[in-house]
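Here's the structure, in structure tokens; my notes come after.
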Amino acid sequence: MKITLKDGSVKEYSQAMSVIDIAADISEGLARMACAGEVDGKVVDLRTIIDSDCELSILTFNDEAGKAAYRHTCSHVLAEAVKRLYPEAKLAIGPSIDTGFYYDFDCQSFSREDLDNIEAEMKKVIKEGAEIKRFELPRAEAIQFMEDRNEPYKVELIKDLPEDAIISFYSQGEFTDLCAGPHLMNTKTIKAFKLISSSGAYWRGSEKNKMLTRIYGTAYTKKADLDEHLKHLEEIKLRDHNKLGRQMEIFTTVDVIGQGLPLIMPNGVIIMNELKRWIEDEESKRGYIRTQTPLMAKSDLYKISGHWDHYKEGMFVLGDEEKDKEVFALRPMTCPFQYYVYKASQKSYRDLPCRYGETSTLFRNEDSGEMHGLTRVRQFTISEGHLIVRPDQMVEEFKGCLALAKYCLETLGVESDVTYHLSKWDPEDREKYIGEPEVWEETQQHIREILTELNIQFTEEVGEAAFYGPKVDINAKNVYGKEDTMITIQWDALLAEQFDMYYIDENGEKKRPYIIHRTSLGCYERTLAWLIEKYAGLFPTWLCPEQVRVLPISEKYADYAQKVNEQIVAKGIRSSVDNRAEKIGFKICDARLKRVPYMLVVGEKEKEAGLVSVRSRYEGDEGQKSLDTFIQDICKEIQTKEIREIKVQE
RNA sequence: GCUUCAUUAGCUCAGUUGGUAGAGCGCUUCACUCGUAAUGAAGAGGUCAUCGGUUCAAGUCCGAUAUGAAGCUCCA
Numbered sequence: 004m005k006i007t008l009k010d011g012s013v014k015e016y017s018q019a020m021s022v023i024d025i026a027a028d029i030s031e032g033l034a035r036m037a038c039a040g041e042v043d044g045k046v047v048d049l050r051t052i053i054d055s056d057c058e059l060s061i062l063t064f065n066d067e068a069g070k071a072a073y074r075h076t077c078s079h080v081l082a083e084a085v086k087r088l089y090p091e092a093k094l095a096i097g098p099s100i101d102t103g104f105y106y107d108f109d110c111q112s113f114s115r116e117d118l119d120n121i122e123a124e125m126k127k128v129i130k131e132g133a134e135i136k137r138f139e140l141p142r143a144e145a146i147q148f149m150e151d152r153n154e155p156y157k158v159e160l161i162k163d164l165p166e167d168a169i170i171s172f173y174s175q176g177e178f179t180d181l182c183a184g185p186h187l188m189n190t191k192t193i194k195a196f197k198l199i200s201s202s203g204a205y206w207r208g209s210e211k212n213k214m215l216t217r218i219y220g221t222a223y224t225k226k227a228d229l230d231e232h233l234k235h236l237e238e239i240k241l242r243d244h245n246k247l248g249r250q251m252e253i254f255t256t257v258d259v260i261g262q263g264l265p266l267i268m269p270n271g272v273i274i275m276n277e278l279k280r281w282i283e284d285e286e287s288k289r290g291y292i293r294t295q296t297p298l299m300a301k302s303d304l305y306k307i308s309g310h311w312d313h314y315k316e317g318m319f320v321l322g323d324e325e326k327d328k329e330v331f332a333l334r335p336m337t338c339p340f341q342y343y344v345y346k347a348s349q350k351s352y353r354d355l356p357c358r359y360g361e362t363s364t365l366f367r368n369e370d371s372g373e374m375h376g377l378t379r380v381r382q383f384t385i386s387e388g389h390l391i392v393r394p395d396q397m398v399e400e401f402k403g404c405l406a407l408a409k410y411c412l413e414t415l416g417v418e419s420d421v422t423y424h425l426s427k428w429d430p431e432d433r434e435k436y437i438g439e440p441e442v443w444e445e446t447q448q449h450i451r452e453i454l455t456e457l458n459i460q461f462t463e464e465v466g467e468a469a470f471y472g473p474k475v476d477i478n479a480k481n482v483y484g485k486e487d488t489m490i491t492i493q494w495d496a497l498l499a500e501q502f503d504m505y506y507i508d509e510n511g512e513k514k515r516p517y518i519i520h521r522t523s524l525g526c527y528e529r530t531l532a533w534l535i536e537k538y539a540g541l542f543p544t545w546l547c548p549e550q551v552r553v554l555p556i557s558e559k560y561a562d563y564a565q566k567v568n569e570q571i572v573a574k575g576i577r578s579s580v581d582n583r584a585e586k587i588g589f590k591i592c593d594a595r596l597k598r599v600p601y602m603l604v605v606g607e608k609e610k611e612a613g614l615v616s617v618r619s620r621y622e623g624d625e626g627q628k629s630l631d632t633f634i635q636d637i638c639k640e641i642q643t644k645e646i647r648e649i650k651v652q653e
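Going left to right, the first sequence walks through residues 4 to 653 as our numbering numbers them.
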């Protein structure tokens, strides 16, 4: 048989060979690094026997699938160590993930000390270097095998496999696990690993099931790579908005005020207000008209919208239906409020599209475990908007919303950090959605075409739609890799009916409009969190709470510093003077720690010549210049919302 | 909501097996009046998250509550 390798070379063998044997035949080094194989594009185990012509790649840790096999094997080592130390622990599942691997056990919870002990035991397992063997059993025997070992979760997994499935096991020494593989040949191949953390996780991801104990870990082929990864984990904590945002006095929380109710501090308010003014002005330029509607409404409104029946749990209800004549609820969305603005007067087809914008504060009673910093809160403010349009205007208006979103992302310098998703309904779960299947398929196809036409890369997600229509979600990851929706644009051909919204067409007949629910920048709190992490607190100048700090060399130059500052402030720039009785080195250090982009040092020389000595975090801005030039430059930078490269610090 | 961990000065954190509190930064005051990453000295500041329990004695042990964190689930 002929084996074509990745580099195009061909090996010929007269007999069937396993992948690992072929790797060994190519080179001993490759056999040592081999984690899995790829035969005609399909990932296979190293033990897979090849008996016919094919294309073969030997996958190492440098290949995604090889890395997965390596880490998956490490998760088996973890499982063996846990079984040795805690024989009563029941095995659940233990896959590899992006950043490493985990294994779920039904057992006690583990402290850091326990994890350290388990790590030590894992090292023993690796040192023993047991060969990893694969074998298959018929279904009934497989079930019996795991029943004998008192592993109920494994039995359940096998029972869920199709009748004709090949049920494979991998064993190393006295440890055997139900597993599809692939795996390394020997446990001693694992060179560097670390158990990261332990937490609870529901069996099969359902809150109705028992909570198991999950151990997260990661593994690399070199200790240096592992150390780098661990260092990276430490570093991302430094840009975590939840820490940095508090440290920079952007927000704080107070226990007696409550969960999910952050206090935005003056620094945070400056950034949020800059964003708000910018968005509101931009929307006005794009033909939006603004509304300001109540933060709460009687239960009657939510009964019409359907929220009272479906989402009451998620709302803050004021009053008791049994006792009170009127019951109110804080609004969890703006939709019906803006619909009534539309309905307040009769609309002609000439009036459409109506683009309503509102900087809208919403309240959602999230479960207590869901709150997180500024990204998941109970009260938040979004750049909300609803476009009431004629069906023939829908596609163009939807594109306009996407263009606005794209403009916002570009201006903030984050367009390369987002992913687009077409959130579709789930035809298998009809109860969750209103409307007919044909309408859903048609609108989804419209959005698909729009995204394709605009050359936007996107994924399609089943079951992620709103109950009234499909949507485009623009998501971003936080520093820990967790994804959140930043912007959403929703196609709604159904709710106008519910609220009896109409317009008069050219024939004098009542017609149903379509509605686009959208945000231009999403929720300000979440965007703020995103920007903190994106820029590690070093915001573009236009968003910096403090843009300029004037640093007099000594108190003798306080007057000049004051004059300089006044001229800068007069231009609407956020500037202050550091008049403390400190050395200039101290003042510079402090201004840097506070992330002030521009420092203006003034002393004898500057005072005499009417200059300022600029020190900034940007390249090529050092040195003396006239105050007028400085003001001109910074005004331009702020006005254009320029994103400048930050100088690399030693 | 679930699992685990945490909560000590404004902030970041020490505090051994139970014997009534410490550091650095910050703040206040004084001295220094300084040329590009941290001047020196002194002082103020804490019912150790809250409530309850065990104990002669609790920051330390136990329980409940609140808040925070990681993960799970959820996110109209």
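Cβ atoms here follow ideal geometry from the backbone N, Cα and C, with glycine treated the same way.
None of the values given here were measured: they were computed from a predicted structure.
Look at residue 627 here: in three-state DSSP terms it is strand.
Per DSSP, the unbroken alpha helix (DSSP H) holding residue 589 starts and ends at 587–596. For the stretch 330–404, the continuous alpha helix (DSSP H) assignments of 4+ residues that do not extend past its boundaries occur at 338–346, in sequence order. In the structure shown, residue 243 adopts coil according to DSSP, grouped into three states. In this structure, the beta-carbon distance from residue 299 to residue 347 does not fall below 8 Å. Between residue 390 and residue 357, the C-beta gap is smaller than 8 Å, which places the two residues in contact. Listed in chain order, the non-local C-beta contacts of residue 640 below 6 Å within the same chain comprise 544, local neighbours out to five positions each way being set aside.
Short of 6 Å from the beta carbon of residue 205, and not among the five residues preceding or following it, lie these beta carbons of its own chain, in chain order: 212 and 214.
Under the 10 Å beta carbon count, residue 568 is surrounded by 16 or more other beta carbons and is classified as buried.
In this structure the stretch 417–430 does not lie against the stretch 371–378, because fewer than three pairs of beta carbons, one per stretch, are closer than 8 Å. Non-local C-beta neighbours of residue 453 in its own chain, meaning closer than 8 Å and more than five positions away in sequence, comprise 398, 401, 402 and 405, ordered along the chain. In the displayed model, residue 156 falls within a helix according to three-state DSSP.
Residue 56 and residue 40 have their C-alpha atoms spaced approximately 15 Å apart. Judged by DSSP in its simplified three-state form, residue 428 adopts coil rather than helix or strand. Within the stretch 440–508, the alpha helix (DSSP H) runs of at least 4 residues that lie entirely inside it are, in chain order, 440–456 and 498–501. Remark: C-beta atoms of residue 334 and residue 366 approach each other more closely than 8 Å.
Residue 175: member of the beta strand (DSSP E) spanning 170–175, first to last residue. For residue 57, there is no enclosing alpha helix (DSSP H); the residue is part of the beta strand (DSSP E) that begins and ends at 57–62. When C-beta atoms of the stretch 241–249 are compared with those of the stretch 518–535, three or more pairs fall below 8 Å, so the two segments count as touching. In the DSSP annotation of this structure, the continuous segment of the beta strand (DSSP E) that includes residue 196 starts and ends at 195–205. Around the beta-carbon of residue 472, 16 or more other beta-carbon atoms lie within 10 Å, marking it buried. Remark: C-beta atoms of residue 554 and residue 587 approach each other more closely than 8 Å. In the three-state scheme derived from DSSP, where H, G and I count as helix and E and B as strand, residue 289 is classed as coil. Taken through DSSP and simplified to helix, strand or coil, residue 5 comes out as strand. In this model, residue 270 and residue 307 are separated by some 40 Å (Cα to Cα). The beta-carbon distance between residue 560 and residue 610, rounded to whole angstroms, is 6 Å. This is short enough to meet the 8 Å contact definition. At the C-beta level, residue 525 and residue 598 stay beyond 8 Å of one another. The beta carbon of residue 255 is closer than 8 Å to those of 249, 265, 266 and 268 in its chain, skipping five residues each way along the sequence.
Contact check for residue 578 and residue 551: beta-carbon distance about 4 Å, within the 8 Å limit, so the pair qualifies.
Within its own chain, the residues whose Cβ lies closer than 7 Å to the Cβ of residue 87, once the five positions on either side in sequence are excluded, are 124, listed in chain order. Annotation: residue 32 to residue 122 spans about 28 Å, alpha carbon to alpha carbon. Assignment of residue 96 by DSSP, reduced to helix, strand and coil, places it in the coil class. Rounded to whole angstroms, residue 16 and residue 136 show a C-alpha spacing of 24 Å.
The beta carbon of residue 50 lies closer than 6 Å to those of 21 and 137 in the same chain, with the five residues before and after it left out. The Cβ neighbour count for residue 497, taken over all protein chains shown within 10 Å, is at least 16; the residue is labelled buried. Between residue 52 and residue 34, the C-beta spacing is not below 8 Å.
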